[in-house]
Amino acid sequence: MSNTINLKKGLDIPVKGAAARTVRVKVVPDVVAVKPTDFKGLVPRLLVREGDKVLAGSPLFADKQNPDILFTSPVSGTVQEVVRGAKRKLLAVLVKADEKQEYVDFGAKDAASLDAEAVKTLLLNSGLWPSIIQRPYGVLAGTDVKPKAIFISAFNTAPLAADTDYVLADRTADIQAGVTALSKLTDGGIHLGLNADNYSSTPFHRVEGVIQHVFSGKHPAGNVGVQISHVSPIMKGDTVWTVSPVMIAAIGRLINTGKLDLSRKVAVTGPAAKEPAYVEAFPGMPAAAIAEAFGIGAKTRVISGDVLTGENIGANGYLGFYDNQVTLIEEGDKKELLGWANPIRSHLFSSSPCYFSWLTPGRKYDMDTNLHGGVRAFVETKCFEDVTPMEIFPIYLIKACLAGDIDKMEQFGIYEVLPEDLALCDYVDPSKNEIQYIISKGIDQMIKEMA
Amino acid sequence: MAEEKNTPQPGLFEKGGKFGWLHSTVDAFETFLHVPATVTRKGAHIRDAVDLKRVMIIVVLALVPAALFGMWNVGYQTSLATGAEWSFMKMFFFGLLKVLPLYIVAYVVGLGIEFASAQIRDEEVNEGYLVSGMLIPLIVPVDVPLWMLAVAVAFAVLFGKEVFGGTGMNIWNPALLTRAFLFFSYPSKMSGSSVWVNVPGGESTVDGFTGATPLSYAFDGANGLSKLADKGYDLWSLIIGTVPGSVGETSVIAILLGAVVLIWTGVASWKIMCSSVLGGLFVGWLGQLGGITDVPAYYQLVLGGFAFGTVFMATDPVTSSQTETGKWIYGFLIGALAVTVRLFNPGYPEGMMLAILLMNTFAPLIDHYVVNGAINRRNKRVRTA
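If you want it as structure tokens, here you go:
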């Protein structure tokens, strides 16, 4: 770890409910959802009908713009329902799982002997191509793109995030195979971001054929976008790919066994979770499967992902394709008498010294979804810079997005960020603006106008 | 009546209700009493406990020492002028009764316009004016006629803030705009030496009383230091603040108490404060070196509105520079310009107000160059890498 990149800006939000390192529940596949809404920019074309039999790895829908990109069922069973929303938008394909799981056989292979074309075909056919996220904009990777490099962050600093080392403890061979295979798709190599705190204990540091970078710091130091900006900032015309550790392990298993096996350890976390711990599960798992064990109540918000960037899926929702975390928090729809004027307010955490949380540094807080104030124009903006360890000016980027000025967005670094990289700005803003939403709208506009 | 009960009616003060047009006002009082029950809808699911009300109330608290001292000082100056022997409490209550009307006018006029414009724009009322209203009485002379103050506040809030879209959108600090309006619209009433000390009608003053501020002596010619000494204004009286001046600006100690609160809570930028002091010292030192004045540079910091402006006005997060490098430049130029005006314009020695308003105007330009510089540097580095 010769050159540790020390990120001084950031914030670790002390929210209660970290998962204990045990598997409390093994979720048996019942009804599983594959959601086109998990993939940015996807216009799906349905390939199955209700009642069709599918295997684990059979395609359910494809990308309309690029029909080679398939989205497959994680389990074998029967297509139970095609869920559509307003204007017949495809929201989910529900698959009722069989008792005995059967897999499409893609053929076990030796990662080192595959060429780029073989890797590409394998990923496209198995439905694992979407595990690659392309930057700028965080969209599905283009099939005819040769990226500048591929980045993997081997650790996650998001609040209560699943511990990558624990989740992937016995998957070293899969990770190695995945990395070896992906390295055929780029000339820039695989860049692996490691955490200085556990550099020598993580299984990732033994992975071969990668360029290692070591980071230390608070959240968002584990965000791959932040790491890219310190290794090789994305400029106009650049394309890079990123893959999460969980997805690289799935790619590796596909190569080693020939099966699409998306099963993963999912951390069920959050202040509203009863005895937070891990579950053995898979993407598309219904929240109902863990409702009893973790005490999901009527007033619990169920989030697929972490508390900053995750999606509110509701008690009847399904785990997202990329996520290996569920966060449970209470809805904070209660008024608080003279809250803002109360000098102490010790039950709440604030990163600002306007409150006294700094007196109790080790404390974890029982947080809820209350906005803690009304929406105002931007006033205090230094707080954005304090939580953004990148060489950008967040407030200028945000304002460029609001103004819809694509030249300015370009200058201020829209290529380098995804909403998740500025998620903490959402959290700290005393004016309660929706920064992630603003950035996401800006990215949508870039995609539309630069196409 | 029975039919009406079955159809859902909007609440009395909700949109569509009988008094629906008042909903911004009602919301303002409601959210003043309670932190509302609003939950996050998109983006991060949890939010920091801090909100703008909290930020603003911290600034108001930071101003309390200066306000209290100012009230006492109003009474103290009057007792000095009339030669009356008053007790501490009498001085304070005399000042309180003089300053309270200023506060009432500032808040009633300013908040009235804020509420009305929020209503017209159909938005929530912003808390920004709580701070402006607290500041305004502290930066005007105690004897300012109330109707003038009302006109000035109305001008500053309407044309300094509301036309730009309210708090957060304004270019100039509204409180300073109030003062600028007063000084340029009513120069005959506002300058000279009669407004700084309240002398009750009919009372005679002691021999030698002029009511002029130390600032006006210090820069009236090149031998300011001896003029100050003649009048008995030594460094300590300037630091403690027992001198005539605008209500809240005289006591450097009270202002420093506020500065500690603002810097600790991070509400105001220490960079702006530091660089403004550096800028003031630098030009003050040049002036002394060049023989323009014999007032030592550090006197610049304790005279007039320099300290108050540096701590409370220059650091307004909306109108100051927003980049960290920009803050150093912005603050330095405020300090430097303020002292430059003092040195070269003895007719109107209070340069702080103009310096801040001018730099408010140029803050976006400073930021523009800072941001562009950073972007260009990065582009170059990436190309060579």
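If you read the protein sequences in the order shown, they are chains A and B. With the first letter of the first sequence counted as 1, position 382 gets the number 381 in numbering that gives the first Met the number 0; the numbers rise by one all the way through. With the first letter of the second sequence counted as 1, position 221 gets the number 220 in numbering that gives the first Met the number 0; the numbers rise by one all the way through. Here a beta-carbon is modelled for each residue, glycine too, at the ideal position from N, C-alpha and C. Computed from a predicted model, the values in this text were never measured in an experiment.
Among residues of its own chain, excluding the 5 on either side of V144/A, which ones have a beta-carbon nearer than 6 angstroms to its beta-carbon? For this step, residue 144/A is matched to residue 145 along the first sequence. These residues qualify, in order along the chain: T238.
Could you tell me whether the Cβ atoms of P58/A and F281/A are closer together than 8 angstroms? Along the first sequence, one-based indexing puts residue 58/A at 59. Along the first sequence, one-based indexing puts residue 281/A at 282. In this structure, F281/A does not lie closer than 8 angstroms to P58/A by Cβ.
For V74/A, which of helix, strand or coil comes out of DSSP? Locating residue 74/A in the first sequence gives position 75, where the first residue counts as 1. V74/A sits in coil when the DSSP states are folded into three classes, being neither helix nor strand.
What are the residues of the region 93-126 of chain B that lie near chain A, defined by any Cβ-Cβ distance shorter than 7 angstroms? Answer set for the region 93-126 of chain B: E123, N125.
Test item: CB-CB of L336/A and Y364/A under 8 angstroms: Taking the first residue of the first sequence as position 1, residue 336/A is located at position 337. Taking the first residue of the first sequence as position 1, residue 364/A is located at position 365. Not closer than 8 angstroms, so no.
Between the CA atoms of K39/A and G137/A - distance to the nearest angstrom: Within the first sequence, the letter at position 138 stands for residue 137/A. Within the first sequence, the letter at position 40 stands for residue 39/A. Roughly 7 angstroms between the two C-alpha positions.
For I291/B, collect the residues of the same chain with a Cβ closer than 7 angstroms to its Cβ; drop the 5 residues on either side in sequence, then sort them by chain order. Residue mapping note: residue 291/B aligns to position 292 of the second sequence, counting from 1. For I291/B, same chain residues with a beta-carbon under 7 angstroms away, outside a window of 5 residues either side, are A221, L342 in chain order.
Spatial neighbours of A292/A in its chain, beta-carbon cut-off 7 angstroms, leaving aside the 5 residues before and after: As a position in the first sequence, residue 292/A is number 293, starting the count at 1. The beta carbon of A292/A sits closer than 7 angstroms to the beta carbons of R23, V24 from its chain, once the five residues preceding and following it are set aside; these are given in chain order.
Okay, do the region 242-255 of chain B and the region 33-43 of chain B touch, 3+ Cβ pairs below 8 angstroms being the bar? No, the region 242-255 of chain B does not touch the region 33-43 of chain B.
By how many angstroms is the C-alpha of V98/B removed from the C-alpha of V194/B? Within the second sequence, the letter at position 195 stands for residue 194/B. Within the second sequence, the letter at position 99 stands for residue 98/B. Roughly 13 angstroms separates the two Cα atoms.
Restricting to Cα atoms, I'd like to know which of G325/B, Y329/B, V141/B is closest to G74/B. Mapped onto the second sequence, residue 74/B falls at position 75. Taking G74/B as reference, the option from G325/B, Y329/B, V141/B with the minimal CA-CA separation is V141/B.
Output the distance between the C-alpha atoms of Q211/A and D169/A, rounded to the nearest integer angstrom. What you label residue 211/A is simply residue 212 of the first sequence in a count that begins at 1. What you label residue 169/A is simply residue 170 of the first sequence in a count that begins at 1. Each residue's CA atom was taken as its position, placing Q211/A and D169/A some 21 angstroms apart.
Beta carbons nearer than 8 angstroms to chain B: which residues of the region 296-314 of chain A have them? Residues passing the 8 angstroms Cβ filter: R300, I302, V306, L307, T308, G309, N311.
Chain A residues whose Cβ lies nearer than 9 angstroms to that of W263/B: Here residue 263/B is taken as the residue at index 264 of the second sequence, counted from 1. Those are P352, listed as they occur along chain A.
Taking only beta-carbon positions, decide if T368/A is within less than 8 angstroms of chain B. Sequence index remark: in the first sequence, residue 368/A carries index 369 (1-based). Judged by the 8 angstroms Cβ criterion, T368/A is in contact with chain B.
Are there 16 or more other CB atoms within 10 angstroms of the CB of T6/B, so buried, or fewer, so exposed? Position 7 of the second sequence holds residue 6/B. Its pLDDT being 49, under 50, T6/B is placed unreliably in this model, and the coordinates cannot settle the point.
With distances taken between CB atoms, is the gap from I151/A to T241/A smaller than 8 angstroms? Here the question's residue 151/A lines up with position 152 in the first sequence. Here the question's residue 241/A lines up with position 242 in the first sequence. Yes; because the gap between Cβ atoms is below 8 angstroms, this pair is in contact.
Pick out whichever of E101/A, V74/A, A180/A has its Cα sitting closest to the Cα of K119/A. As a working mapping, residue 119/A is identified with position 120 in the first sequence. Nearest C-alpha to K119/A: A180/A.
According to DSSP, is W195/B part of a helix, a strand, or is it coil? Within the second sequence, residue 195/B is the residue found at index 196, counting from 1. The answer is coil: DSSP assigns W195/B none of H, G, I, E or B.
Any C-beta of chain B under 8 angstroms from that of Y395/A: Counted from its first residue, the first sequence places residue 395/A at position 396. Output row for Y395/A: interface = yes.
Spatial neighbours of T299/A within its chain, please: CB distance less than 8 angstroms, with the 5 preceding and 5 following residues excluded, ordered by chain position. Locating residue 299/A in the first sequence gives position 300, where the first residue counts as 1. These residues qualify, in order along the chain: A271, A314, L327, I328, E329, E330.
Can you list the residues of chain B that D11/A reaches, using a CB-CB cut of under 9 angstroms? Within the first sequence, numbered from 1, the residue matching residue 11/A stands at position 12. Within 9 angstroms Cβ-Cβ: nothing; D11/A doesn't reach chain B, min ~13 angstroms.
Using CA coordinates, which residue listed in M168/B, P64/B, M90/B, A174/B is at the minimum distance from Q76/B? Here residue 76/B refers to the residue found at position 77 when the second sequence is read from its first residue. Answer by Cα proximity: M90/B.
Relative to chain B, which residues along the region 433-450 of chain A have a C-beta separation below 8 angstroms, given in chain order? Listed by position, the residues of the region 433-450 of chain A near chain B (Cβ gap below 8 angstroms) are E433, I434, Q435, Y436.
Contacting residues, own chain, Cβ-Cβ under 7 angstroms from M351/B (five flanking each side not counted): The residue labelled residue 351/B in the question sits at position 352 within the second sequence. Beyond the five residues adjoining it in sequence on each side, M351/B comes within less than 7 angstroms, by CB distance, of G303, G304, F305, G308, A337 in the same chain, given in chain order.
Taking just the CA atoms, how far does D51/A sit from V82/A? On the first sequence, position 83 is the one that residue 82/A refers to. On the first sequence, position 52 is the one that residue 51/A refers to. When rounded, the separation of the alpha-carbon atoms in V82/A and D51/A is 15 angstroms.
When you compare the CB positions of T71/A and G9/A, do they come within less than 8 angstroms of one another, or not? Residue mapping note: residue 71/A aligns to position 72 of the first sequence, counting from 1. Residue mapping note: residue 9/A aligns to position 10 of the first sequence, counting from 1. With a cutoff of 8 angstroms on beta-carbon distance, T71/A and G9/A are scored as not near each other.
is_contact[S430/A, chain B] using C-beta, thresh 8 angstroms: Start at 1 with the first residue of the first sequence, and residue 430/A comes out as number 431. With respect to chain B, the C-beta atom of S430/A has a partner C-beta closer than 8 angstroms.
Ordered along the chain, which non-local residues of its own chain (more than five positions away) have a Cβ less than 6 angstroms from that of P129/A? As a position in the first sequence, residue 129/A is number 130, starting the count at 1. Answer for P129/A: F38, L139, listed in chain order.
For the putative contact between A61/B and R344/A, defined by C-beta atoms under 8 angstroms, what is the C-beta separation to the nearest angstrom? The residue you call residue 61/B lines up with position 62 of the second sequence. The residue you call residue 344/A lines up with position 345 of the first sequence. Contact doesn't hold; Cβ gap of about 19 angstroms is too wide.
Would you say E2/B lies against chain A (beta-carbon separation less than 8 angstroms)? Translated into positions along the second sequence, residue 2/B becomes position 3. Here E2/B scores only 42 on pLDDT, less than 50, and its place in the model should not be relied on; the value that follows carries that caveat. Among the CB atoms of chain A, none fall inside 8 angstroms of the CB of E2/B.
Can you find the residues in the same chain that come closer than 6 angstroms, C-beta to C-beta, to R263/A, ignoring five residues on each side of it along the sequence? Taking the first sequence and counting its residues from 1, the one referred to as residue 263/A is at position 264. Once the five neighbours on either side are set aside, the close Cβ partners of R263/A are V245, N323.
Is I328/A close to chain B? Criterion is C-beta to C-beta, closer than 8 angstroms. Residue mapping note: residue 328/A aligns to position 329 of the first sequence, counting from 1. With 8 angstroms as the cut-off, I328/A counts as an interface residue toward chain B.
Provide the residue span of the alpha helix (DSSP H) that contains L462/A, from first to last. Here chain A comprises residues numbered 0 to 450, so residue 462/A is not present and cannot be evaluated.
Indicate whether at least one CB of chain B lies closer than 8 angstroms to the CB of G294/A. As a working note, residue 294/A is residue 295 in the first sequence. Output row for G294/A: interface = no.
Check the Cβ-Cβ distances between K41/B and every residue of chain A, and say whether any is below 8 angstroms. Here residue 41/B refers to the residue found at position 42 when the second sequence is read from its first residue. Contact of K41/B with chain A is assigned, a C-beta pair being separated by under 8 angstroms.
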